[in-house]
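Residue numbers (my numbering), protein chains in the order written: chain A, 1 to 494; chain B, 495 to 762.
Below you'll find the structure, written out as structure tokens, and then a few comments.
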Amino acid sequence: MSTSLLLLTILLIGLVAYFAGRARSLAVSGSKLATLHSLPGYHGSYVAIWAVLPAALVLAAWLIASPLYIDSSVRSALPETVRNQGAATVQLALGQVKAVATGLARLDAKEIEAVKTGSVNLRETLAAKGVALAGEGEPFMVEAAEQFNAMRGFSRWLMSAVVLLAAFAGGVYAIRNVTARFRARNQVERVMLGSLIVASSIAILTTIGIIGSMLSEAGRFFSMVSPAEFFFGTVWDPRFAAAGSEGSSGQFGLLPLLGGTLYIAFVAMAFAVPIGLFAAIYMAEYASPRLRSIAKPLLEVLAGIPTIVYGFFALVTVGPFLRDISAQLNGLLTGNYQNFIQAQSVLTAGIVMGIMLIPFVSSLSDDIITQVPRALRDGSLGLGATRSETVKKVILPAALPGIVGALLLTASRAVGETMIVVLAAGVAARMQINPFEPMTTVTVKIVHQLTGDLEFTSPQTLVAFALGITLFVITLGLNIYALYIVRKYREQYE
Amino acid sequence: MSEAAVEKALDQKMNTVPLKMIGKDVSVYYGEKRALFDVNLNIRENTVTALIGPSGCGKSTFLRTLNRMNDTIENCRVTGRITLDEDDIYDPSIDVVELRARVGMVFQKPNPFPKSIYDNVAYGPRIHGLARTKAELDEIVETSLQKAGLWNEVKDRLQEPGTGLSGGQQQRLCIARAVAVSPEVILMDEPCSALDPIATAKVEELIHELRANFTIVIVTHSMQQAARVSQRTAMFHLGNLVEENDTDKMFTNPDDQRTQDYIMGRFG
Numbered sequence: 001m002s003t004s005l006l007l008l009t010i011l012l013i014g015l016v017a018y019f020a021g022r023a024r025s026l027a028v029s030g031s032k033l034a035t036l037h038s039l040p041g042y043h044g045s046y047v048a049i050w051a052v053l054p055a056a057l058v059l060a061a062w063l064i065a066s067p068l069y070i071d072s073s074v075r076s077a078l079p080e081t082v083r084n085q086g087a088a089t090v091q092l093a094l095g096q097v098k099a100v101a102t103g104l105a106r107l108d109a110k111e112i113e114a115v116k117t118g119s120v121n122l123r124e125t126l127a128a129k130g131v132a133l134a135g136e137g138e139p140f141m142v143e144a145a146e147q148f149n150a151m152r153g154f155s156r157w158l159m160s161a162v163v164l165l166a167a168f169a170g171g172v173y174a175i176r177n178v179t180a181r182f183r184a185r186n187q188v189e190r191v192m193l194g195s196l197i198v199a200s201s202i203a204i205l206t207t208i209g210i211i212g213s214m215l216s217e218a219g220r221f222f223s224m225v226s227p228a229e230f231f232f233g234t235v236w237d238p239r240f241a242a243a244g245s246e247g248s249s250g251q252f253g254l255l256p257l258l259g260g261t262l263y264i265a266f267v268a269m270a271f272a273v274p275i276g277l278f279a280a281i282y283m284a285e286y287a288s289p290r291l292r293s294i295a296k297p298l299l300e301v302l303a304g305i306p307t308i309v310y311g312f313f314a315l316v317t318v319g320p321f322l323r324d325i326s327a328q329l330n331g332l333l334t335g336n337y338q339n340f341i342q343a344q345s346v347l348t349a350g351i352v353m354g355i356m357l358i359p360f361v362s363s364l365s366d367d368i369i370t371q372v373p374r375a376l377r378d379g380s381l382g383l384g385a386t387r388s389e390t391v392k393k394v395i396l397p398a399a400l401p402g403i404v405g406a407l408l409l410t411a412s413r414a415v416g417e418t419m420i421v422v423l424a425a426g427v428a429a430r431m432q433i434n435p436f437e438p439m440t441t442v443t444v445k446i447v448h449q450l451t452g453d454l455e456f457t458s459p460q461t462l463v464a465f466a467l468g469i470t471l472f473v474i475t476l477g478l479n480i481y482a483l484y485i486v487r488k489y490r491e492q493y494e
Numbered sequence: 495m496s497e498a499a500v501e502k503a504l505d506q507k508m509n510t511v512p513l514k515m516i517g518k519d520v521s522v523y524y525g526e527k528r529a530l531f532d533v534n535l536n537i538r539e540n541t542v543t544a545l546i547g548p549s550g551c552g553k554s555t556f557l558r559t560l561n562r563m564n565d566t567i568e569n570c571r572v573t574g575r576i577t578l579d580e581d582d583i584y585d586p587s588i589d590v591v592e593l594r595a596r597v598g599m600v601f602q603k604p605n606p607f608p609k610s611i612y613d614n615v616a617y618g619p620r621i622h623g624l625a626r627t628k629a630e631l632d633e634i635v636e637t638s639l640q641k642a643g644l645w646n647e648v649k650d651r652l653q654e655p656g657t658g659l660s661g662g663q664q665q666r667l668c669i670a671r672a673v674a675v676s677p678e679v680i681l682m683d684e685p686c687s688a689l690d691p692i693a694t695a696k697v698e699e700l701i702h703e704l705r706a707n708f709t710i711v712i713v714t715h716s717m718q719q720a721a722r723v724s725q726r727t728a729m730f731h732l733g734n735l736v737e738e739n740d741t742d743k744m745f746t747n748p749d750d751q752r753t754q755d756y757i758m759g760r761f762g
């Protein structure tokens, strides 16, 4: 039985079990539903869960364990000469054995005989059946492949039997449990709880896995380049051309990239915070409900635009516009029509990123401002304060911690933003303070280090992980601090 | 003097009190729904007027028309005429901000700003520029807190947050905050409904004292409270003013059967 067919069978058994459990509970109740502790549906679900869950777990465990076992036994069956040549060779031989095994499964008995006696070429025969073999193939491989196929077949047969038995046994066990007072509902509740816990732990484990893989790759990088050189170096010069050759590893100074990242994020925030905050105050305090119900979703549509589109906007519209207008201005002032703003510059990237951030600032701030209790507004208005006095003196101070938290969350987005800066900020890694010149960011360099045809063994590519983990720590720190502030603020009103 | 003569003398005394606010044919609409029906109610100077009636009868709505707090509610429309010292407060020439400085308000739930006690009281005077120097402001804060009977409890911790006080203290802080602007009228919307009996007694005592300097209108659900603190009582029912009378008469011998029933606890 193939795995998918087996899975389908289990589900079918589960379905049957559901109806069987239902029917049994109805039978024991003697058609008086009130005598049952749980509704028939719960009894059905209980039986179905017992039929499906253990069987599925056995199936999963078998699918993980059996290839490991088969591989190790095939490996130990390889000839002494191969096994003595080290792990890489053994791994290669094992791969070939598996390929041969796939091929043998497609040959008929006569062809197998011919291959075994060596009267036909193994590689050509298999190639004719659509299985490519890396080497010529050796006689021991055919034998090992046959053993492999036999074991696999047996394992598959045994697995089907065990799994179906588990499904059947589980169902029978559960259906015997069904009585009028049996608490099927509570049992089902526990399974629900379990599955919710599994789902959330998958999310958490994935995060841990990502951090782990980044850390281990970054560790490999730091074994080649010293952390001091990375974190405090002021020159970024990875020397791609020399990648792989000995002795010239290039310079990997983080500071120019970090400087660019923070500078562009600062420009973006300087642009987005006033506009977003004012928009939020207008939406929350002044706009009529009708206007608010139209304008707020419109503003939030901005947040749904993919950032690569903002990148186009920067590349095609904002960048050239700034370049041309700076040329005009320069011409008017000095007579020399030389643009002083580059098309790709800190300013271009900052402005466009700022536009992207406006909806985040305004939407988050709006939520926080509307959370300020109405009683405070009334109190201030009742004392004869105007609306703007109320906003300035009561609402904003009350909402300030929350707004700061919202701004920190926005800042962490600005620091981690990639596509806009790839297109609009430039690639020159240098430290300077002129916002009209291009600079580059951590994210841009990660993209550059990882695009192309490079092995993950040189510092040129591994540096991307070091950059990634640095960026991750920065944004994580910002987020944690923001959440801490927001939470502290929430406690005030509850 | 006979009982009747005493009553007459009292009536006359009461009737000579000048009127601070006059409400004539006041109706309020929330969108299509009408919440008040042609209410005619006068507020006497230096008198505590209690508004009573079952929930949803329009007493809070009427209270809020007196300093135009209804303006902050969407779709709310007020017709009729309300005057404060003969100025129509709904006249376009009236500045609503100025009006609210003259007619202050204390709310149902204590709502101190998340600022220090001092800043809470100084909020109104600062906005309206009532003090030119720090010393003058200190003076206003102190007298306001004294008038609200809170000074002795908080004088050593004026810089602590107002939200850290107990419920009753918070409400008296809100009264001090309203008093600090030197309003002529103070509106109180069920000021004791969120307080325990001891704090309630303190606030009631305070209302009694404030009467000397301010005209007070108070909405209350407690019949006993209305009887204790007010001189005039107005009874609302289903958006109509049922009866307005001296408090003593109202609670002993009301003119209207519905007032009688409500006071006796037969409905509401």
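Ideal Cβ placement from N, Cα and C applies to all residues, glycine included.
The structure displayed is predicted, hence computed values, not measured ones.
Would you call the region 397-404 of chain A and the region 599-610 of chain B in contact, with 3 or more CB pairs under 8 Å? The region 397-404 of chain A makes contact with the region 599-610 of chain B; the number of CB pairs closer than 8 Å reaches 3 or more.
Below 8 Å between beta carbons: does that hold for B/L667 and B/G656? The answer is yes: Cβ separation under 8 Å.
Using 7 Å as the cut-off, classify the Cβ of A/T207 as near or not near the heavy atoms of the ligand ADP, replying yes or no. This structure simply doesn't include the ligand ADP, nor any ligand for that matter.
Let me check understanding here. Comparing Cα to Cα, which of A/A327, A/V316, A/T307 lies closest to A/I355? It is A/T307 whose Cα lies nearest to the Cα of A/I355.
Cβ separation of B/A616 and B/L593, assumed to be a contact under 8 Å, to the nearest whole Å: Contact between B/A616 and B/L593 fails: their C-beta atoms lie close to 21 Å from each other, not under 8 Å.
Rounded to whole angstroms, how far is the Cβ of B/V590 from the Cβ of B/D565, which I believe are closer than 8 Å? Contact holds; Cβ gap of about 6 Å.
In angstroms with no decimal places, state the Cα-to-Cα distance between A/N186 and A/L36. Going from the Cα of A/N186 to the Cα of A/L36 covers about 13 Å.
In chain B, which residues lie with their C-beta within 8 Å of the C-beta of A/G402? By Cβ distance, chain B contributes nothing, its closest Cβ being about 12 Å from A/G402, past 8 Å.
Using three-state DSSP, classify B/H715 as helix, strand or coil. In the structure shown, B/H715 sits in coil (DSSP, three-state: anything other than H, G, I, E or B).
Spatially closest choice to B/Y584 from B/G598, B/D742, B/R752, B/L560, by CA coordinates: Per the Cα distances, B/L560.
B/I634 versus B/A674: straight-line alpha-carbon distance, rounded: Rounded to the nearest angstrom, the two C-alpha atoms are 6 Å apart.
Work out the CA separation of A/L5 and A/E513 for me, nearest whole Å. Nothing can be reported for residue 513 of chain A, as the shown portion of chain A is limited to 1 through 494.
Suppose the cutoff is 7 Å on Cβ atoms and the five residues either side in sequence are ignored; what does the same chain contact list for A/Y46 look like? Only G21, A174, A184, Q187, V188 meet the Cβ criterion.
The beta strand (DSSP E) with B/Y584 in it runs from where to where? No beta strand (DSSP E) holds B/Y584; DSSP gives it neither H nor E.
Would you decide whether B/Q718 is buried or exposed? Buried here means 16 or more other CB atoms lie within 10 Å of its CB. Exposed is the label assigned to B/Q718, since fewer than 16 other Cβ atoms lie within 10 Å of its Cβ.
Short of 6 Å in beta carbon distance, which residues of its chain neighbour B/A595, apart from the five on each side in sequence? Order them along the chain. The answer, listed in chain order, is H622, V675.
Closest Cβ-Cβ distance between B/K527 and chain A: below 8 Å? Against chain A, the CB of B/K527 has no partner CB under 8 Å away; the residue lies outside that interface.
Tell me the residue span of the beta strand (DSSP E) that contains B/R571. Per DSSP, the continuous beta strand (DSSP E) segment holding B/R571 begins and ends at 570-578.
Would a C-beta distance cut-off of 8 Å place A/G135 and A/Q96 closer than the cut-off? Their beta carbons are under 8 Å apart, which means A/G135 touches A/Q96 by this criterion.
Starting from the Cα of A/S38, find the closest Cα among A/S213, A/P401, A/F182, A/Y337 and give me that residue. Comparing Cα positions, the closest option is A/F182.
Shorter than 8 Å from the beta carbon of A/V394 to some beta carbon of chain B? Answer yes: the Cβ-Cβ gap between A/V394 and chain B drops below 8 Å somewhere.
Consult DSSP for A/F266 and reduce its assignment to one of helix, strand or coil. The answer is helix: DSSP assigns A/F266 an H, G or I state.
Enclosing beta strand (DSSP E) for B/R538 [first to last residue]: Following the DSSP letters along the chain, one finds B/R538 inside the beta strand (DSSP E) bounded by residues 527-538.
Hey, B/V511 and B/R538: beta-carbon distance below 8 Å or not? The Cβ atoms of B/V511 and B/R538 sit closer than 8 Å to each other.
Pull up the CB-CB distance for A/I112 and A/A55, whole angstroms please, since I reckon it's below 8 Å. By a beta-carbon distance limit of 8 Å, A/I112 does not contact A/A55. Their separation comes to about 35 Å.
With three or more beta-carbon pairs closer than 8 Å as the criterion, would you say the region 687-705 of chain B touches the region 733-750 of chain B? They do not touch, by the three-pair rule.
Using beta carbons (cut-off 8 Å, strictly below), is B/E592 in contact with chain A? So, interface residue.
What's the C-alpha gap between A/L126 and A/A132? Those two C-alpha atoms are separated by around 7 Å.
If I measure Cβ to Cβ from A/E494 and keep anything under 6 Å in the same chain, skipping five residues before and after, which residues do I get? For A/E494, the pLDDT reaches just 41, beneath the cut-off of 50, and the residue's location in the model is therefore unreliable, although a value from the coordinates is still provided. Listed in chain order, the non-local C-beta contacts of A/E494 below 6 Å within the same chain number zero, local neighbours out to five positions each way being set aside.
Select from A/V352, A/P67, A/V235 the residue whose C-alpha is nearest the C-alpha of A/A270. Minimum Cα distance to A/A270 is reached at A/V352.
With respect to the alpha helix (DSSP H) encompassing B/I701, which residues constitute its N-terminal and C-terminal limits? Looking at the DSSP string, the run of the alpha helix (DSSP H) that includes B/I701 is 691-704.
Could you have a look at B/R752 and say whether DSSP puts it in helix, strand or coil? Reduced to three states, the DSSP call for B/R752 is helix.
List, in chain order, every chain A residue whose beta-carbon is nearer than 8 Å to that of B/Y524. Residues of chain A passing the Cβ test: none, with the nearest at roughly 14 Å.
Let me know the secondary structure DSSP gives B/P512 once reduced to three states. Three-state DSSP puts B/P512 in coil, outside helix and strand.
Spatial distance of A/S326 from A/S345 (CA atoms): In a straight line, the C-alpha of A/S326 is about 12 Å away from that of A/S345.
Would you call B/D581 buried or exposed, if buried means 16 or more other Cβ atoms sit within 10 Å of its Cβ? By the 10 Å Cβ count, B/D581 comes out exposed.
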